[in-house]
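Below: the structure, in structure tokens.
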Amino acid sequence: MLIQNFLESAASQSPDREALWHRQEWMSYAQLEARSNCLARALREAGVKAGDRVALLFDNSFRYVIAHFAILKAGAVNVSLNTETSPQTLAYLLQDCEAIAIFTAGKYLPWLAQIESRIPGLEHVFTEREALASFPGFTRIHATEIEALESQGEGSPLLCETQDTDLASLTYTSGSTAKPKGVMLSHRNLASNALSVVQYMGLTPEDRTLCVLPFHYIYGTSLLYTHFAAGGSLVIENRFAYPNVALDTLEKTESTGFAGVPSTFAILLAKSTLKKRTFPWLRYVAQAGGAMAPSLQKEVAEAFKPARLFIMYGCTEAAPRLTYLPPEILPAKWGSIGRAIPGVEVAVMDESGNRVVPGTVGEIAARGSNIMMGYWKDPKATGEAIRNGWYYTGDLGKEDEDGCLFVVGRNKDFIKAGGNRVGAQEIEEVLMEFGAVSEAAVIGVPDPILGEAIKAFVVPKDGVSLDLGTLKAHLNARLPLFKQPKFIEVREALPKSSAGKVLKAALREEGEETGKEAG
Amino acid sequence: MTLTETDVKIRLKDFLTQNFLLGKDPGSLKDSDSFLDTGIVDSTGVLEFVAFLQETWSIEVADEELMPENFDSIANLTAFVLKKAG
């Protein structure tokens, strides 16, 4: 099963069924299928071959989905990039994945021109007509407008020799080192996982989910694939910055499903009219993307009832779903992430790779057809993550007597801020690049909206004045907005072990109480 | 002292520059530019504006008022502040 088969099958069976909604308009499966086939042909004619990486840099939109499936239909590998980015990050990612082409929103053209000399492998940029008209052009890269290509030529599927074990996507995620890691996911990884989710959620062609999560994020990708696999619909709503707008859309489109990360629900409960409204068509609500406090789970369940609340757990490396908690047992298992989804095996392991008994804390590991092929060009990291056939998540957890899992901590130094997984080390290294900083440590501190907020501790060099405004500008020039610390505290020294390692646990204990910004 | 449109815009642009535009040229942002469309402000950013309005002008924002027509540009925000504080 290939990912594009979901679209092709739905278009064949129900060509006129509504597939996508965006900005008050619907696009049918037939329309989506035809346009993505045309765009796939354009990719082939541009010289894109099977296995080539093609990047995608668009907000959620019809255009994103058309390009996403076009890339797969051409036999290429989809590299969906985070739209909250910077020229430096773009240069690194495009160079690392060796993208031959990119579909991009016009607003990124100046950045691409700025980094053109650093991405020698990029040959083609496909972008919006309006932006291209006023763009002075690249020195070497060939730029083409997308609009004409979407309706040019034959709208039937291309002959494609892709196998389900072939690479379908490279999804970049933060690693414990400074650079993001490319998670290699095959068609089998993604398709098997999507079908498992369809099964346990009972998705049907009548289902329609409101999507406020970006498609470049694996959870957003999963919403796209699962609902297409079921022959259902997706309602794209990019205005969650105004949560009431999202609720209006949920109501207006009579959506049967809604998915979010913990901060999505925290914002809805704190800053929207959610509690005063009812959504009679809403059948299910899903939460993943980090631990949601039991108190918040209870509020969400209450606010959305009688819709069923699915608490879920996973990671990019698992394409992405590993466990879910059946809604019916949620009232007895607040805080649990449930049990393995169909087709996946999950276990809690000790350091020797043996399963531990219920109640004992160990590392959560998983195996199944959804587990990634590995990390792109990083066999060492792959070997550290996948051992003896099991993928080790880096999360510490335990199982209760009923086989329900609970996450108790994070093994690796990540911060899950607002649904984004952010590596502390990357931020620390950028801080250390600032001339006046002698030492830096970054932790996550509890935040009622984000789940975790990023807090940085910096120690200035002796005799050097550290200006926080200049430091923030330094961070802004090098990191996308979501990786920038919410709090920065200047310290004379950081707590350390006898071995000289910064004791982040001690900082966390202090940070939970105050989290104040100094300077 | 009566709050003027100019006063409000200056404070808002200052807040925007310090918290969202860091290092970027604020002159490139038109009063009518959508924060959403330009990608300057995300969902948590809008909530920071809510907190700023409360701290600066003691404006309480009702849940139903958190809408693009009140928050999604300098012009919209200025009009909202003048309406609530006036």
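So the sequences go chain by chain: A and B.
For what it's worth, this note's numbering labels the leading residue of the first sequence as 1, then goes sequentially.
For what it's worth, this note's numbering labels the leading residue of the second sequence as 1, then goes sequentially.
Glycine is no exception: its CB is placed at the ideal position from the N, C-alpha and C atoms.
Computed from a predicted structure; not experimentally measured.
Problem set entry | Nearest-angstrom Cβ-Cβ length linking residue 407 of chain A and residue 458 of chain A, presumed shorter than 8 Å | That pair is no contact at about 30 Å.
Problem set entry | the stretch 280–291 of chain A in contact with the stretch 261–272 of chain A per 3-pair CB rule at 8 Å | yes
Problem set entry | Alpha-carbon spacing of residue 175 of chain A relative to residue 316 of chain A, whole angstroms | Bear in mind that the predicted position of residue 175 of chain A carries a pLDDT of just 48, short of 50, making it too unreliable to give a figure here.
Problem set entry | Secondary structure, beta strand (DSSP E): runs of 3+ residues fully inside the stretch 317–387 of chain A | 321–325, 344–349, 362–368
For this session: Could you check which residue in B:17, B:70, B:71 has the C-alpha nearest to that of residue 27 of chain B?
Result: B:17
Exercise. With respect to the beta strand (DSSP E) encompassing residue 439 of chain A, which residues constitute its N-terminal and C-terminal limits?
Worked result: 437–447
Problem set entry | Partners in chain A for residue 71 of chain B, counting only beta-carbon separations shorter than 9 Å | 241, 242
For this session: Mind listing the chain B neighbours of residue 273 of chain A? Cutoff is C-beta to C-beta under 8 Å, in chain order.
Result: 63, 64
Problem set entry | Sub-8 Å separation of residue 104 of chain A and residue 69 of chain A beta-carbons | no
Exercise. From the beta carbon of residue 488 of chain A, is the nearest beta carbon of chain B less than 8 Å away?
Worked result: no
For this session: Take residue 22 of chain A and list the residues in its own chain whose beta-carbon comes closer than 7 Å to its own, dropping the five residues that flank it on each side.
Result: 61, 62, 236
For this session: Could you tell me which of A:31, A:314, A:136 sits nearest to residue 194 of chain A, measuring between CA atoms?
Result: A:314
For this session: With 9 Å as the C-beta to C-beta threshold (strictly closer), list the residues of the stretch 114–143 of chain A near chain B in chain order.
Result: none
Exercise. Using the C-alpha atoms, what's the distance from residue 76 of chain A back to residue 9 of chain A?
Worked result: 20 Å
Exercise. DSSP on residue 432 of chain A, reduced to helix/strand/coil?
Worked result: helix
For this session: Starting from residue 420 of chain A, follow its DSSP beta bridges and name the residues at the other end.
Result: A:417
Exercise. By the criterion of Cβ-Cβ separation under 7 Å, what are the contact partners of residue 245 of chain A in chain B?
Worked result: 67, 68
Exercise. Does DSSP put residue 64 of chain A in a helix, in a strand, or in coil?
Worked result: helix
Problem set entry | residue 363 of chain A beta carbon less than 8 Å from that of residue 415 of chain A | no
Problem set entry | Terminal residues of the alpha helix (DSSP H) in which residue 199 of chain A lies | 187–201
Problem set entry | Candidates A:320, A:464, A:11: closest to residue 156 of chain A by CA position | A:11
Exercise. Quick check: the stretch 45–57 of chain A against the stretch 90–99 of chain A, are there 3 or more CB pairs under 8 Å?
Worked result: yes
Problem set entry | Length at least 3, wholly inside the stretch 228–300 of chain A: the beta strand (DSSP E) runs in chain order | 233–236, 257–260, 284–287
Problem set entry | Exposure label - residue 551 of chain A; buried when at least 16 CB within 10 Å | Outside the displayed range of chain A (1 to 519) lies residue 551 of chain A, so it cannot be described from this structure.
For this session: Identify which residue in A:86, A:327, A:198 has its Cα closest to the Cα of residue 6 of chain A.
Result: A:198
Exercise. If residue 210 of chain A sits next to residue 241 of chain A, beta carbons under 8 Å apart, how far is it from one beta carbon to the other, in whole angstroms?
Worked result: Rounded, the Cβ-Cβ distance is 15 Å, inconsistent with contact.
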